[in-house]
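A short worksheet on the structure shown next.
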Amino acid sequence: MRRIARIFVIVVLTAIINVPTTQQCGYQSCNPVKEGMINVHLVPHTHDDVGWLKTVDQYFYGDKNYIQVAGVQYILDSVVQELMKDPNKRFIYVEIGFFSRWWKEQSQQMKLSVKKLVDEGRLEFILGGWSMDDEATTHYNAIIDEHTLGFQFLKDNFGECGRPRVAWQIDPFGHSREHASLFARMGFDGLFFGRLDYQDKAKRMNTKTMEMIWQGSPKNLGSQSDLFTGVLFNGYNPPKGFCFDVTCRDDPIMDDPNLHDYNVPQKVAEFINATRTQAESYATKHLIMTMGSDFNYQNANMWYKNLDKLIRYVNNEQKHGGNINLLYSTPSCYLYQLNKANLTWPTKQDDFFPYAHIPHGFWSGYFTSRPALKRYIMKEAMGVAQHHDAVSGTEKQAVADDYALRLFVGTNACQNIINDAYKLISPIDQSVPLPDQQFCNLLNISKCSITEENKHFTVTIYNPLARKVSHYISIPTTLKACTVTDPLGKVVTSQIVPISKETKRIPERKGSIGENNIVFQVLLPPLGYSTYFVRSTAVKDKNQETKQQYPTSNKDISMNNTYIAVTFDGATGNLKMIKNLQSGVSAQVDHHMQYYTSHFGNTTVPKFEGSGAYIFRPNQTAPFDFENLFQVQSNYLHGQLVQEVHQQFSPWVSMVTRLYNDAQYLETEWTVGPIPTQDGIGREVISKFCSDLKTEATFYTDANGREILQRKRNYRPTWDFNNSEPVAGNYFPVNSRIYLEDAKRDILLTVLTDRSQGGSSIQDGCMELMVHRRLVVDDNLGVGEALNETGADGQGLVVRGKHYLFLDTIDRSAQLHRDMALKLYMEPVLSFTNSQMKQSEWSKHFRTQWSALGAKIPQNVHILTLEHLSQQNSSDTSQQQILLRLEHIYEKGEGGQLSSPAKVELRDLLKGYEVLSATELTLGANLKKSDLHRLPWKSRTTNDENVLKFLPYNRNRFLNILKGRKILNKFSDDLTITLNPMEIKTFHISVKKKGNA
């Protein structure tokens, strides 16, 4: 919602690594190493969850320490004091959401002291996002925004020395290839993470391939998306026995030989042994050791005092022939030494999902956990919500409630901004004030007081996409007859559809008086709005009616429109067949709601986790079918605009399957809950589509809403996979779509989701998506409570969502799912007034339609970001500064000509404004693209290394020249840019109002 509000506001206003020579940050600030020795880079750090067992506020202030001893403000206070004492000491900090809060409380003198530490490389920011985001359940749009928010804070307060050079994803539960690709384009030189599958890790340790070049987009973007990636040996913890924190129980280094507990020889021997063990798994003589953990360093002196001793006594062994050298370091300094080693590194092209830490311990439950929160994703609240224990659903219930509250407050703030924007652009004259727009956040369950309580109202629909959109809307009402008028005064077709009893029983609808939904189609301009007018009429229009029929025989039900024809079983209402009337392809497709019962696990030895917030572990491989447990009830509704099949699978599961008049998809709306737990059994509910397609154990899922990855059942591309969990071990994150392909028949069957979910193809021809889960045991991975959302009435959370089903040829399907996925993520925003004015009167005073787009953009291009920037550094107030991101939404080979390069002319992009200049930036918008010089790496697939090795810091610029890529610099006369498949380009543009705008 915040993203949409930001876009709305702006459319209204519509070559060396370290350039600074006076500062010693970056790679120039590293402590010296010793050649020929094993150099151990000790990295003091803290991992500060932006909410998990406690809320964000509680973690910052150190409140409720009986839950977890953690206070971020004390960590930063303590660390800064220690760093100022000794120039050799180092510390890294990650979570800018916490740091920015601490920074605001500091005196000017303290800020200067901290800036000096940053300028000297003693305090280094790593990653730099508002939080350490999850990689499985996040959308690429939110990932970019969340990191841009953190980067901007660092740039504003610390300049170039605050720019992070290394990504640090030490705690997320699996890792996405698209995420690595985004990091590469943000300008990171490398990435380190802590978790990967136990089988994968074992192989990598044995083959010394714990570090690699991860190819983030080998098919589309090539080397510009490559990212050096390293797996940390101890997760993100210190070696066993060397945690010197107030929260740990390890012995300190007691170095007075006159005392009974003198332990220096023992500690030195243990650390040397840990070093040699780790060295067996890595390819160079440089090792990284993470000296810290969750919320460590509240007493930094305790850590540094013992680390000083450890460094001194281990390095003293060099006098006796020892070959181990310890030093204070950072991930950047470690990475720099790996780069200088000039090795040829192995490559990886797939991702790291799903993650398992032991047999039967697959972390694929969180792909779906807390489905309502996953749909409810304001800037800072958005940044917090992307945290790997937030949108993932792996926090305590009280913390989830806190996240939801923050998002609610942010949503209201965004709605106020939209209201203000309408008041600026809608009035034609000032004779009549524009009525306040009201927003209905529960339209998905047919609740909206302003439309239920008024006979006449307006609905204004904002389209945040830079393309025309046709969209069906459904508005709750008590009206039995009405007329709907479009922005030009023309009456449009509408349909009155009864609100179902399944909808009426949802607890959150309490107080709603609506009996029907008004359904009609709206046509929306790009980056603009349209206003429609609904007025009650006394006479019923038969054309508005919705007819209902209940099955009286087993005769099949057929529905069709211009694009598709579908057949349903007459007795159960289950889908049976889909035919695409445009391409002629058809398939047998049935759709069922089913559930797995959840494994309890145990706490004995050996310990096996049951299903919990993180873990998915079903009791059986074949889910229970509701049809075998309940008598499925169904009925058929049809009218001028929409046809529906309603199914009641059980008292707590129902489904509505819809076909709109000109839709190329079938919409299925599922309602699940409250999931019963009275019998002490957890349940995990799936929506399952089975077809006659021949898929050979192969299916496809998206990565963070962008590129598509091929998945194969019971298979991993980089190791021999022994699958102990045939269902959970084959579940993958689905952020926006999953599909099956039958190449021989040239058919693609696609399901689009309205939120992140877990999904798979457990049987050939079938795909399933987990929509809701309610559990009775904890999975013993830290949360300390079962995933048991009780909802508004305390009886259990009811969740409603939608899937969108496509069937077409392989080539045509790409255009459908690419276009629809954008529409689902950037849905139109509805607002209402109770104005009694007719369209004819309203249009005298207010614009009924408006668009901010000045020139049409290509069909394969999406305006990803349009954000107003601060004017604080500009002396020319007549110019507006804007952050603009443009995205090519197709992969190579998709959608015919739509995967060709696209050209966009920036000069007249925004109506009423002229683009004066454009400067191309990195994806994170914190560095000019022309100033980006990433570390070069040799890999087993790198081309033309003989040329590249002579260009140590200009590898990317050289490749850009070879490929004919143009970097757009400020004051360029040519404001036409070219986007290649899957490319995102970021610009700082200056605009000025045209004469009469």
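In mature numbering (1 follows the signal peptide of the UniProt record, and there is no 0), the protein residues as written are -24 to -1, 1 to 973.
From the three backbone atoms N, C-alpha and C, an ideal C-beta is built for every residue, glycine too.
None of these values were measured; they are calculated from a predicted model.
Nearest to residue i (by Cα), restricted to the options the options
i	options	result
Asn64	Asp232, Gly192 and Thr306	Thr306
Asn836	Gln609, Gln791 and Tyr342	Gln791
Thr344	Gly192, Phe592, Asp405 and Leu845	Phe592
Gly2	Phe75, Arg98, His23 and Asp33	Arg98
Ser476	Pro233, Tyr612 and Tyr280	Tyr612
Leu167	Tyr312, Asp53 and Phe36	Tyr312
Ile714	Gly504, Arg481 and Gly735	Gly735
Gly705	Ser340, Ser257 and Lys466	Ser340
Val142	Arg161, Gly150 and Leu125	Arg161
Leu418	Asn956, Thr461, Thr427 and Ser534	Thr427
Phe708	Tyr342, Asp227, Asp769 and Phe36	Tyr342
residue 974	Val94, Ser199, Thr253 and Asn291	Residue coverage of the chain in this structure runs from -24 to 973, which leaves residue 974 outside it and unanswerable.
Phe808	Cys416, Gln596 and Lys91	Cys416
Val752	Thr694, Ile723, Arg776 and Ile657	Ile657
Gly681	His793, Ser574 and Asn388	His793
Trp695	Met181, Pro627 and Leu806	Met181
Trp144	Thr917, Glu100, Pro834 and Ala118	Glu100
Thr841	Asp226, Thr543 and His964	His964
Glu645	Tyr866, Leu728, Tyr212 and Asp678	Leu728
Gly135	Asn117, Phe169, Leu93 and Trp106	Leu93
C-beta atoms of residue i and residue j nearer than 9 angstroms
i	j	result
Thr891	Leu885	For the record, residue 891 in the displayed sequence is Val; it is not Thr. Result yes, Cβ atoms of Val891 and Leu885 sit closer than 9 angstroms.
Phe129	Arg139	no
Val207	Lys177	yes
Phe782	Met802	no
Ala894	Ile953	yes
Glu761	Glu863	no
Phe675	Met746	no
Arg750	Arg659	yes
Ile300	Ile248	yes
Phe209	Tyr258	yes
Leu800	Thr962	no
His748	Gly588	no
Ile738	Pro702	yes
Asp730	Ile786	no
Val774	Ile482	yes
Val240	Asp231	yes
Pro804	Pro877	no
Where the alpha helix (DSSP H) through residue i begins and ends
i	result
Leu781	Taken as a continuous stretch (DSSP letters only), Leu781 belongs to no alpha helix (DSSP H), being part of the beta strand (DSSP E) at Val775 to Asp784.
Ala332	First-last for Ala332: undefined, no H or E at that position.
Tyr590	No alpha helix (DSSP H) holds Tyr590; DSSP gives it neither H nor E.
Phe74	Ile72 to Lys80
residue 1032	The structure shown has nothing for residue 1032, since the chain only spans -24 to 973.
Span of the beta strand (DSSP E) around residue i
i	result
Asn537	Taken as a continuous stretch (DSSP letters only), Asn537 belongs to no beta strand (DSSP E), as it is neither H nor E.
Asp718	Arg713 to Asp718
Met267	His262 to Met267
Leu806	Val805 to Thr809
Thr436	His432 to Asn439
Phe709	Looking at the sequence itself, residue 709 is Pro, so the reference to Phe does not match. That run of the beta strand (DSSP E) goes Phe708 to Val710.
Asn420	Note, Asn420: premise wrong, no beta strand (DSSP E); not H, not E.
- Item | 4 or more residues per run - each alpha helix (DSSP H) lying fully within the region 840 to 883 | none
- Message: With three or more beta-carbon pairs closer than 8 angstroms as the criterion, would you say the region 426 to 435 touches the region 584 to 604?
- Response: no
- Item | Touch test, the region 818 to 830 against the region 415 to 428, Cβ-Cβ under 8 angstroms, three pairs minimum | no
- Query: Are there three or more Cβ pairs, one per stretch, closer than 8 angstroms when the region 99 to 115 is compared with the region 148 to 160?
  - Reply: yes
- Query: Does the region 820 to 830 touch the region 905 to 915, meaning 3 or more C-beta pairs lie closer than 8 angstroms?
  - Reply: no
- Query: Does the region 7 to 25 come close enough to the region 317 to 330 to have 3 or more Cβ pairs within less than 8 angstroms?
  - Reply: no
- Answer yes if the region 504 to 518 comes into contact with the region 608 to 624, meaning at least three C-beta pairs across the two stretches below 8 angstroms, and no otherwise. no
- Three CB pairs or more closer than 8 angstroms across the region 20 to 38 and the region 331 to 342: no
- Query: Could you give the uninterrupted runs of the beta strand (DSSP E) lying entirely in the region 619 to 700, keeping only those of 3 residues or more?
  - Reply: 629 to 636, 642 to 648, 659 to 667, 674 to 678 and 684 to 688
- Count the CB pairs spanning the region 618 to 630 and the region 530 to 550 that are closer than 8 angstroms, and state whether there are at least three. yes
- Message: Using a Cβ distance threshold of 8 angstroms, determine whether the region 268 to 277 contacts the region 30 to 50, with at least three qualifying pairs required.
- Response: yes
- Query: Curious, which full-length alpha helix (DSSP H) runs of at least 4 residues does the region 169 to 241 contain?
  - Reply: 174 to 183
- Decide yes or no for the touch test of the region 512 to 521 against the region 452 to 464: beta carbon pairs closer than 8 angstroms, at least 3 of them. yes
- In chain order, each beta strand (DSSP E) run of at least 3 residues that lies wholly inside the region 816 to 841: 825 to 827
- Message: To test your reading of the DSSP string, which unbroken beta strand (DSSP E) runs of 3 or more residues are found completely within the region 110 to 177?
- Response: 142 to 145 and 166 to 169
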